[in-house]
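The structure under discussion appears below in the form of structure tokens.
There are 2 protein chains.
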Amino acid sequence: MATDSLTEAKKRLERAYDPDAFEQAATVFAQRSARYLRLMRPRPAPALPWAEPEALIDVARSWIDREPPPIVEPDDTATSFHRLAETILDHGHRIHSPHYMGHQVPPPVPVTGLFAAIGSLTNQAMAVYEMGPFTTAVERVMIEKLGELVGWNRGGFAGICTHGGSLANLSALLTARHRHDKESWTNGVDSAGPTRPAIITSGDSHYSVARAAGVMGIGTSQVLKAPVDAERRLRADSVRRVLDEADNSGLEVFALVASACATPIGAFDPLKELADVAQERGIWFHVDACHGASVLFSQRHRHLVEGIDRADSVVWDAHKMLFVPALCTFVLYRDAAVSYETFQQDAPYLFDADNPGMAEYDGAVRTLECTKSAMALPLWGLWSIYGPELFEDLVDVTFALGATLAKLLEEKPDFQLMHKPDGNIVCFRHVPEQLAAASDEELSRFQQGLRRRLLESSRFYITATRLEGNAVLRVTLINPLTERDHLEGLLDALREEGGALLTEGVE
Amino acid sequence: MATDSLTEAKKRLERAYDPDAFEQAATVFAQRSARYLRLMRPRPAPALPWAEPEALIDVARSWIDREPPPIVEPDDTATSFHRLAETILDHGHRIHSPHYMGHQVPPPVPVTGLFAAIGSLTNQAMAVYEMGPFTTAVERVMIEKLGELVGWNRGGFAGICTHGGSLANLSALLTARHRHDKESWTNGVDSAGPTRPAIITSGDSHYSVARAAGVMGIGTSQVLKAPVDAERRLRADSVRRVLDEADNSGLEVFALVASACATPIGAFDPLKELADVAQERGIWFHVDACHGASVLFSQRHRHLVEGIDRADSVVWDAHKMLFVPALCTFVLYRDAAVSYETFQQDAPYLFDADNPGMAEYDGAVRTLECTKSAMALPLWGLWSIYGPELFEDLVDVTFALGATLAKLLEEKPDFQLMHKPDGNIVCFRHVPEQLAAASDEELSRFQQGLRRRLLESSRFYITATRLEGNAVLRVTLINPLTERDHLEGLLDALREEGGALLTEGVE
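Chains as they are written, first to last, in full-length UniProt numbering: chain Y, 1 to 507; chain C, 1 to 507.
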């Protein structure tokens, strides 16, 4: 190729950038994606057409290793795109299927995919205002709205979009670390001194909290996991007890992390009483509300996060219960000033020191990230088209599904509900008659075998977790197209697969 | 709304998920986006239609604050989407304009936007294999290909996709920290002890390197910036000198970070001789090749990264010189084993402990992130349609533009080229006759005023930086549709705006 002239190279590039070729391929995208959505009803397609990783790696590699067909006319691009789109859709996870009841990742409201597409195509990369002026404006407006829902007054608070909850928890905890020790950014963390910095949270908080401590030089051993109560909620008395012990062992706890809700069973920690403890002890109060903050849209459920306005920082994934594509996470700070203190930089090729007023609009001064995608655009688009009532509907309908499943499970003698769900996460066990006298260990093995079997059957997609050491089945009812019949269908499928498993023997 | 029945809520949600409504809106997307691409020629549209942040915030807010029109028929969604898409495209940064010569963010090859769209619409969120089976396979295959281009043998190396270069540099440096001190993850960083951990790099390395040190508890003061040579390259002798000094001041340098290329003028550090130093001293060799690794596709330019195969870790942004939408960054490790050591987790609701063979395919065990978007999909699609020669063309054509601009600048007495460019980043000053005797400080002020004026005129989009304290103009020629005529046009525009600025007076 290098022997080729640059003129030839330019001609090839003109073809790759041809607007007609794009329009034809984009039309294929429109039709083919609509067909994917239609596939979900009236009879749902398998959520996850199961295949082993190496088999799919071979498929993906075969497209790369072949000699690509010549692209001469605009519709050659569309033809190639069509074949590749088929491959992706055939082998992908179809989370728009009502049989998808897996992780806390929603089927996006379809039009959001188009806003994501515009952001990607035009590449509004938002390290600085100039590189994504309108998408920066959009991000600011969404932060205004979400912060106001938290209960704060416009002007006082601030926030930023970042790629995902793990990065968001890390960002908020870095801010907490900074407030505790303003030298830590420049001088490093002193974790071997007489007062080691520490964080307190529950054993049910998301693993990214401990991970953040590992990343930021605090050390995961300095993450104190206070015990939860019978409903797996972190209570003030438990936190106070662990804080007292910490005082005696040379730990300086600088942040309390609450979960709204926690991942295992979706329990909402009581934020008001935890805010009291944080205030009493003068420590940073961070609320990981990635999943649960969205209840603020719902009159029925917003009581679950009462007290969230007293947090110093809140993180909120729009790509969970606001039904936009991953990723779109908001880090919100009650006090706007702190959001500018954490990250410090010196990058004259990026930040325009001669326009100090403008720096306030440059995202990269307030997040670990430099180039960002236009994350908030799909949320803004969805809100603009449907209004905030759509988010209330999404929370209400999926939370109601959680209650419906809980009720069904309680009615069936061969199922065991593990908790009364606060929302749309439900953990349970299948206990067929033959296993009525089985030990917890045997039951654990059975749930795992059953989950695996259901997965490989491609009939439903659900997950599993461990509660007090015991494996249980776990679903997140995050598809608003799922109905009571599908839930009944899940229980039937579990019975059938469970029966077959018992016949063949649990490995 | 809460007084509404759930039945009503479900009906509204059915409308939001209606495949017909989606197809109509997606068709609008196809047509309107193609029109955006056509706008770039034959006469280029303004790259950045300049507006003040608060003005755009008002526009974005106005859509959120209004009462949304009722959505009854499928085409109501398309109508609303159309109006919003117009707003985004009218106020966005049009980096497909050949007058875009700004940051290291490319105009994506348009079809990549459609692959991003499929990934978003279907939400293949890849914390674990199950949640994005095919997109996980795609990521693995792209890592295979890029690692082989680095010069490593399949099977020996490994990698992961992550959201952006800053996170990627942090990830690689966390791995280096772990190799240096295996207790740091659990016990924290001891930055106050007799041997403080430190990193060595050049003063020109990306600000995210120092930021990573701030984040991970090392402290930015322990980032040693070795001086660069006249061509702004980090040389082995400079590194050795600073390392010797560090030994004497109680610093334990565990990582050497080279830039390929560095951001200010795009200089490629000599990797072979730096690899020698790292090997001599037994320290981790990390290459930040976010911008420059893509020259591996080019027979003309791959010599610039000779020795990259000796790196312990390499980061590579496909969303720079591989022309896919932000974000798509690869963190590559020469030794596959280390990539599993850095992050440690305990999340039974996520990782399936009963399928140990499967964990290898779960992305979240090897990156700070949990939920991820299907980042590698656009790159895989582009490669599948056009083959790797397209990437060679993109590098060759844009790098040739760098050389063309350098030549033009050398020919004009009123422009001053600051360096001989290695690639497509070029720094220069405009020095009109009236300023022939001006001080560096006056010239700096003039370049800044000129850049600002050009920006607000919306005629071209370029950036600025500081070299040795002096402000200079800086362009990245990263749009393959830019031609020699546009470069001439830029210089003419600078002359005109410069003349006006001199008449009105530099503030």
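Note that beta-carbon positions come from the ideal geometry of N, C-alpha and C, so glycine has one too. No experiment lies behind these values; they were computed from the predicted model shown.
As assigned by DSSP and simplified to three states, the class of residue i
i: G292 of chain C; result: helix
i: T463 of chain Y; result: strand
i: F29 of chain Y; result: helix
i: W185 of chain C; result: helix
i: I218 of chain Y; result: coil
i: P19 of chain Y; result: helix
i: E252 of chain C; result: strand
i: W152 of chain Y; result: coil
i: D190 of chain C; result: strand
i: I88 of chain Y; result: helix
i: A224 of chain Y; result: Note on residue identity: the sequence assigns Leu, not Ala, to residue 224 of chain Y. Three-state result, L224 of chain Y: strand.
i: S166 of chain Y; result: helix
i: P133 of chain Y; result: helix
i: F115 of chain C; result: helix
i: Y361 of chain Y; result: coil
i: M142 of chain Y; result: helix
i: residue 510 of chain Y; result: Only positions 1 to 507 of chain Y appear in the structure, and residue 510 of chain Y is not among them; the question remains open.
i: P110 of chain C; result: helix
Opposing strand residues paired with residue i [DSSP bridges]
i: C161 of chain C; result: C:F330
i: F428 of chain C; result: C:L417, C:L473
i: F285 of chain Y; result: Y:L256
i: Y100 of chain Y; result: Y:Y461
i: S313 of chain C; result: C:H286, C:Y333
Pick from the options that is closest to residue i, judged by C-alpha positions
i: L401 of chain Y; options: Y:K420, Y:H91, Y:W383; result: Y:K420
i: Y461 of chain C; options: C:K145, C:A34, C:W50; result: C:W50
i: G92 of chain Y; options: C:Q31, C:L501, C:M131, C:D20; result: C:M131
i: S184 of chain C; options: Y:L271, Y:E54, Y:E280, Y:G219; result: Y:G219
i: I95 of chain C; options: C:V109, C:Q222, C:S80, C:A262; result: C:V109
i: G164 of chain Y; options: Y:S384, Y:E411, Y:C328; result: Y:C328
i: A9 of chain C; options: Y:D396, Y:G505, Y:N470, Y:A437; result: Y:D396
i: A336 of chain C; options: C:P107, C:S5, C:W152, C:E52; result: C:W152
i: V141 of chain C; options: C:A376, C:S249, C:S205, C:R41; result: C:A376
i: residue 509 of chain Y; options: Y:A55, Y:E139, Y:S97; result: Look at the range of chain Y in this structure, 1 to 507, and you will see that residue 509 of chain Y is not part of it.
i: E14 of chain C; options: Y:L390, Y:E23, Y:R196, Y:R302; result: Y:L390
i: D393 of chain C; options: C:M321, C:A437, C:E496; result: C:M321
i: P53 of chain C; options: Y:A137, Y:A267, Y:G156; result: Y:A137
i: R366 of chain C; options: C:S33, C:C161, C:P70, C:T122; result: C:C161
i: R451 of chain Y; options: Y:S249, Y:R474, Y:G387, Y:E360; result: Y:R474
i: A45 of chain Y; options: Y:L89, Y:F446, Y:T7; result: Y:L89
i: V305 of chain Y; options: Y:G292, Y:A236, Y:T463; result: Y:G292
For residue j and residue i, believed in contact at Cβ under 8 Å, the rounded distance
i: Y349 of chain Y; j: T175 of chain Y; result: In fact, because the Cβ distance is near 26 Å, the residues do not count as touching under 8 Å.
i: L243 of chain C; j: A258 of chain C; result: So it is not a contact: roughly 14 Å between Cβ atoms.
i: L382 of chain Y; j: V111 of chain Y; result: 7 Å
i: P378 of chain Y; j: F115 of chain Y; result: 4 Å
i: L167 of chain Y; j: L368 of chain C; result: 7 Å
i: G159 of chain C; j: P325 of chain C; result: Not confirmed; about 20 Å, so no contact.
i: L224 of chain Y; j: A246 of chain Y; result: 6 Å
i: A262 of chain C; j: S202 of chain C; result: 7 Å
i: F330 of chain Y; j: R310 of chain Y; result: With a Cβ gap of about 18 Å, F330 of chain Y and R310 of chain Y do not count as contacting.
i: G465 of chain C; j: C427 of chain C; result: Residue 465 of chain C is actually Thr in this sequence, not Gly. Correct: roughly 7 Å between the Cβ atoms.
i: H206 of chain C; j: T476 of chain C; result: No, H206 of chain C and T476 of chain C are not in contact; Cβ-Cβ is about 14 Å, not under 8 Å.
Terminal residues of the beta strand (DSSP E) in which residue i lies
i: A500 of chain Y; result: Note, A500 of chain Y: premise wrong, no beta strand (DSSP E); alpha helix (DSSP H) at 484-504.
i: R196 of chain C; result: 196-202
Continuous alpha helix (DSSP H) stretch holding residue i: start and end
i: K320 of chain C; result: 318-321
i: D378 of chain C; result: The sequence shown places Pro at residue 378 of chain C, not Asp. Run containing P378 of chain C: 377-386, per the alpha helix (DSSP H) assignment.
i: R445 of chain Y; result: 440-457
i: A347 of chain Y; result: Careful: A347 of chain Y lies outside any alpha helix (DSSP H) and carries neither H nor E.
i: I308 of chain Y; result: It is not in any alpha helix (DSSP H) - I308 of chain Y carries neither H nor E in the DSSP assignment.
i: P325 of chain Y; result: Run containing P325 of chain Y: none; DSSP gives neither H nor E here.
i: P68 of chain Y; result: Careful: P68 of chain Y lies outside any alpha helix (DSSP H) and carries neither H nor E.
i: A51 of chain C; result: Looking at the DSSP string, A51 of chain C is not in any alpha helix (DSSP H), and its letter there is neither H nor E.
i: K407 of chain Y; result: 389-411
message: Give me the subset of the stretch 206-231 of chain C whose CB atoms are less than 9 Å from a CB atom of chain B, sorted by chain position.
response: Among the chains of the structure shown, chain B does not appear; the protein chains present are Y and C.
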